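Student:
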Amino acid sequence: MSKTAVSHDRRIRHSRSSPGARAAEFLNASRLAWVALGVMLAATAVLLYRETRGTTLWFDEWTWALTRRGSSLDSFLAPHNGHLSLVPIAIYKLLFATAGIGDYRPYRVLVIGGHLLVATLVFLYARARVGGFLGLVATALILFFGPGWQNFIWPFQIGWLLSLSTGMAALMLREREDRGSTLAACGLIAVSLASSGIGVPIAAGLVADALVRRRGRRDAWVLGIPIALYLLWSIHYQHTAIERHAVVAAPGFVADEVASALAALAGLGGQISMAVPTSSGTLLEWGPPLAVATVLAMVWRMARWPAARRRALAPLTMAGAFWLLTALTRSFIGEPFSSRYLYVGAVFVLLAALALAHGLSLRASHQLIVGILAAGAVASNLGLLGSASRYVRAQGAQTAAALAAFELTRGAVDPGFVEGSFPGYPLVVLRAGQYFALERALGSPAASLATLPAYPEDARQVADASLIAINRVTPEATAQRPPTGTRPAVEWASGGALTRRGGCVSLTAQAVSAPGTPSPTLALILPRTGVVVTAVGGQVGLGARRFADRPTPIGTIAAGTGALVRPQPDRAPQPWHLWVSPGALATVCGLRG
Numbered sequence: 001m002s003k004t005a006v007s008h009d010r011r012i013r014h015s016r017s018s019p020g021a022r023a024a025e026f027l028n029a030s031r032l033a034w035v036a037l038g039v040m041l042a043a044t045a046v047l048l049y050r051e052t053r054g055t056t057l058w059f060d061e062w063t064w065a066l067t068r069r070g071s072s073l074d075s076f077l078a079p080h081n082g083h084l085s086l087v088p089i090a091i092y093k094l095l096f097a098t099a100g101i102g103d104y105r106p107y108r109v110l111v112i113g114g115h116l117l118v119a120t121l122v123f124l125y126a127r128a129r130v131g132g133f134l135g136l137v138a139t140a141l142i143l144f145f146g147p148g149w150q151n152f153i154w155p156f157q158i159g160w161l162l163s164l165s166t167g168m169a170a171l172m173l174r175e176r177e178d179r180g181s182t183l184a185a186c187g188l189i190a191v192s193l194a195s196s197g198i199g200v201p202i203a204a205g206l207v208a209d210a211l212v213r214r215r216g217r218r219d220a221w222v223l224g225i226p227i228a229l230y231l232l233w234s235i236h237y238q239h240t241a242i243e244r245h246a247v248v249a250a251p252g253f254v255a256d257e258v259a260s261a262l263a264a265l266a267g268l269g270g271q272i273s274m275a276v277p278t279s280s281g282t283l284l285e286w287g288p289p290l291a292v293a294t295v296l297a298m299v300w301r302m303a304r305w306p307a308a309r310r311r312a313l314a315p316l317t318m319a320g321a322f323w324l325l326t327a328l329t330r331s332f333i334g335e336p337f338s339s340r341y342l343y344v345g346a347v348f349v350l351l352a353a354l355a356l357a358h359g360l361s362l363r364a365s366h367q368l369i370v371g372i373l374a375a376g377a378v379a380s381n382l383g384l385l386g387s388a389s390r391y392v393r394a395q396g397a398q399t400a401a402a403l404a405a406f407e408l409t410r411g412a413v414d415p416g417f418v419e420g421s422f423p424g425y426p427l428v429v430l431r432a433g434q435y436f437a438l439e440r441a442l443g444s445p446a447a448s449l450a451t452l453p454a455y456p457e458d459a460r461q462v463a464d465a466s467l468i469a470i471n472r473v474t475p476e477a478t479a480q481r482p483p484t485g486t487r488p489a490v491e492w493a494s495g496g497a498l499t500r501r502g503g504c505v506s507l508t509a510q511a512v513s514a515p516g517t518p519s520p521t522l523a524l525i526l527p528r529t530g531v532v533v534t535a536v537g538g539q540v541g542l543g544a545r546r547f548a549d550r551p552t553p554i555g556t557i558a559a560g561t562g563a564l565v566r567p568q569p570d571r572a573p574q575p576w577h578l579w580v581s582p583g584a585l586a587t588v589c590g591l592r593g
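Take 1 as the starting number for the sequence shown in my numbering and just add one per residue.
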């Protein structure tokens, strides 16, 4: 246990008022705090591994799988969304070469491990300043920070986690004076800058810390070398432009970032939407008053204890630089309450609060109150974590279903066909030819023909939509009546009178429908040879389904015209189901093979 933590624990005013207060004192013991931390980390690992089941590559991960598998220097150093992503790209290249993309478990373990590392470093930073119990409280707020779900459910965000963890480690090592710590700090700063753009505000905070500590010129190389390397990369590769309107919008955007991070930490986000576009829930309702109260508390603390200014300068600079850079470069395409921004902002806010609280003497009973408030925030944020996990699992199922459509039409689908039902489209454009090349090299997370029928309805609808587009299950106008074949098998009919004659079946819509009466619909099994649909007296709407329970609309037929519906063959034995919705009368005849 460090001398700082020991002296802090001795300063705590003992309170025997309640068993909870005595428990807070008890947990300040070094060994017990570490045991409690281990339990929290293990529980988080199990929870997140379970919550990420059924997930697969998502959004930018597909971009890297398609474009970053080469061995050229540019494949490592070219910026991704303005970020230097050298380290995460190298990690993904290793995973592509070893695990492929058919098994997502190594990717899940990677991001969970990165999140646990960030939380552990928060504990180390906190324990040295406020003791073991409050250190555990701070750690729990990050471990179960549901609003920041993108950074620990989505493996692609490992770059941000690496920047944060290596930056925090460098900050703590800079408090030491030995040469080994100095060398390690230099390397960690380089890794932070090479992992994501989050390394830039971290480097800014470390520069501010070096200036306030008045470190000599002999120490300048610790920051100078990694920053110089980053600047060389930036000059050659980075072409980020700051728009004029982003400068104008920056103050408001930064204010919303601060407010959102504080409200999210307090568990006051409400129902934040997972999908794009996102919604802020109640972040911007609770956030502004929390921000005002936080600023007043900071001013009071710094006025009462001038040493706090120096101690908190580094994390405050990191937070301010992060929020400002985000506003200048992302305000025109992102939201201040985006999940990944909330996570980083929350970490910086906690570091600043812990630095300001360094040396503050709290009764054990007061620590318990803080712990209870934090437990409420954790409980609130865990609910959001569950919602986020369900959303990402649904995206994974839809991805697997969309890729199953490629597998079922292998050899028949046009190589240039673009999967428009793919999660992330049009930001992620996946062509059939690209997919098959990727599958040969790295495997595939596509659902199999055996498992696809058990997927959720939304995923099966994605598969149907893809197969409809590939197999051209759409009405083709025809002026002639082709030879009639076998009559289509009727599954059910509603809202009209059903008539069977020869190779045809007709549905006449009811002239007057009572309230609650089903709309005129004829559901039938589509023969492999296809059908011709004729509309009389009104237009006819058509829908088709194969794996899903609900049909996908495929078009309409104008009154007095006919159209052919002839799906192309593929590898699936399941038949197509055609839903016909007549305005007046629709006749469906089987085609001769």
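Beta carbons are placed, not taken as given, at the ideal position from N, Cα and C, and that holds for glycine.
As the structure is a computational prediction, the values presented were derived from the model and not from experiment.
Once you ignore the five residues that flank Trp-492 on each side, which residues in its own chain have a CB closer than 6 Å to its CB?
Tutor: Excluding positions up to five away in sequence, the list reads Ala-523.
Student: Going along the chain, which unbroken runs of the beta strand (DSSP E) with 3 or more residues stay wholly within the segment 375-445?
Tutor: With a minimum length of 3 residues, no continuous beta strand (DSSP E) run stays inside the segment 375-445.
Student: Using a threshold of 8 Å, state whether the C-beta atoms of Leu-283 and Phe-348 are closer than that.
Tutor: No, they are not a contact pair.
Student: Which residue from Gly-495, Thr-561, Trp-576, Gly-530 puts its Cα closest to that of Gln-539?
Tutor: Nearest option by C-alpha distance: Thr-561.
Student: Tell me the start and end of each unbroken beta strand (DSSP E) in the segment 506-542 that is at least 3 residues and wholly inside, in chain order.
Tutor: Qualifying beta strand (DSSP E) stretches, in chain order: 521-526, 531-536.
Student: Within its chain, find whatever has a CB closer than 6 Å to the CB of Pro-582; leave out the 5 residues flanking it on each side and keep chain order.
Tutor: Result list for Pro-582: Leu-507, Ala-509, Pro-520, Val-540, in chain order.
Student: For Arg-545, which beta-bridge partners are listed by DSSP?
Tutor: Per DSSP, His-577.
Student: Taking the straight line between their C-alpha atoms, what separation do you get for Thr-409 and Arg-566?
Tutor: So the two alpha carbons sit approximately 16 Å from each other.
Student: Using 10 angstroms around the beta-carbon of Ile-202, count the other beta-carbons present and answer buried if the total reaches 16, otherwise exposed.
Tutor: Burial call: buried.
Student: If you follow the alpha helix (DSSP H) that Thr-317 is part of, which residue opens it and which one closes it?
Tutor: Unbroken alpha helix (DSSP H) run through Thr-317: 307-330.
Student: Determine the contact status of Leu-403 and Tyr-455, defining contact as a CB-CB distance below 8 Å.
Tutor: Result no, Cβ atoms of Leu-403 and Tyr-455 do not sit closer than 8 Å.
Student: Taking just the CA atoms, how far does Gly-411 sit from Ser-444?
Tutor: Taking the straight line joining both Cα atoms gives about 17 Å.
Student: If you draw a straight line from the C-alpha of Gly-590 to the C-alpha of Val-532, how long is it?
Tutor: Using only the alpha carbons, I get a separation of about 7 Å.
Student: Identify, in the order they occur along the chain, each residue of the same chain with its Cβ nearer than 8 Å to the Cβ of Trp-233, setting aside the five sequence neighbours on each side.
Tutor: Cβ within range, chain order: Leu-77, Leu-84.
Student: Does the segment 460-475 come into contact with the segment 542-552, if we say contact requires no fewer than three beta-carbon pairs (one atom in each stretch) closer than 8 Å?
Tutor: Flag = yes, the segment 460-475 and the segment 542-552 touch.
Student: Would you report the Cα separation of Phe-322 and Leu-95, rounded to the nearest angstrom?
Tutor: Near 30 Å, if we compare the C-alpha coordinates of Leu-95 and Phe-322.
Student: Answer with buried or exposed for Arg-311, where buried requires no fewer than 16 other C-beta atoms within 10 angstroms of its C-beta.
Tutor: Result: buried.
Student: Which residue from Gly-113, Gly-320, Pro-569 puts its Cα closest to that of Pro-155?
Tutor: Measuring from the Cα of Pro-155, the nearest candidate turns out to be Gly-113.
Student: At a cut of 8 Å, does the segment 326-342 reach the segment 243-263 through at least three beta carbon pairs?
Tutor: Contact between the segment 326-342 and the segment 243-263 is present, because at least three Cβ pairs lie under 8 Å.
Student: My guess is that Leu-325 and Val-200 are in contact by the Cβ rule of under 8 Å, so how many angstroms apart are they, rounded?
Tutor: The Cβ separation is near 6 Å, so the contact holds.
Student: Should the segment 114-124 be regarded as contacting the segment 139-157, the criterion being three or more beta carbon pairs within less than 8 Å?
Tutor: At 8 Å Cβ cutoff, the stretches touch.
Student: Smallest Cα separation from Leu-265: which of Ala-497, Leu-328, Gly-187, Ala-379?
Tutor: Of Ala-497, Leu-328, Gly-187, Ala-379, the residue nearest in Cα terms is Ala-379.
Student: Quick check on Pro-453: does DSSP put it in helix, strand or coil?
Tutor: If DSSP states are grouped into helix, strand and coil, Pro-453 belongs with the helices.
Student: Does DSSP classify Leu-136 as helix, strand or coil?
Tutor: If DSSP states are grouped into helix, strand and coil, Leu-136 belongs with the helices.
Student: In angstroms, rounded to a whole number, what distance separates the CA positions of Pro-551 and Val-418?
Tutor: Straight-line Cα distance between these residues: approximately 22 Å.
Student: Compute the distance between the beta-carbons of Leu-594 and Gly-537, then report whether it is under 8 Å.
Tutor: The displayed coordinates of the chain run from 1 to 593. Any statement about residue 594 would go beyond what the structure contains.
Student: Taking DSSP as the reference, what is the three-state secondary structure of Glu-257?
Tutor: In the structure shown, Glu-257 sits in a helix (DSSP, three-state: H, G or I).
Student: Excluding the five sequence neighbours on either side, which residues of its own chain have a C-beta within less than 6 Å of the C-beta of Met-298, listed in chain order?
Tutor: Here the set comprises nothing.
Student: Using only the alpha-carbon positions, how far apart do Ile-333 and Tyr-237 sit?
Tutor: Those two C-alpha atoms are separated by around 22 Å.
Student: For a test of the three-state rule: what should DSSP assign to Cys-589, helix, strand or coil?
Tutor: It is a strand residue.
Student: Need the endpoints of the beta strand (DSSP E) that Ser-75 sits in, please.
Tutor: Not the beta strand (DSSP E): Ser-75 falls in the alpha helix (DSSP H), residues 73-77.
Student: Do Ser-165 and Leu-211 have their CB atoms nearer than 8 Å?
Tutor: No, the Cβ-Cβ distance between Ser-165 and Leu-211 is not below 8 Å.
Student: Can you tell me where the beta strand (DSSP E) with Gly-496 in it begins and where it stops?
Tutor: Element bounds for Gly-496: 496-501.
Student: Is Ile-198 closer than 8 Å to Pro-88 when the C-beta atoms are compared?
Tutor: Result no, Cβ atoms of Pro-88 and Ile-198 do not sit closer than 8 Å.
Student: When you compare the CB positions of Ala-377 and Gly-267, do they come within less than 8 Å of one another, or not?
Tutor: Yes, Cβ-Cβ distance for Ala-377 and Gly-267 is below 8 Å.
Student: Tell me which residues share the same chain as Ala-327 and place their Cβ nearer than 6 Å to its Cβ, disregarding the 5 neighbours each side in the sequence.
Tutor: Ala-250, Phe-253, Val-254, listed in sequence order.
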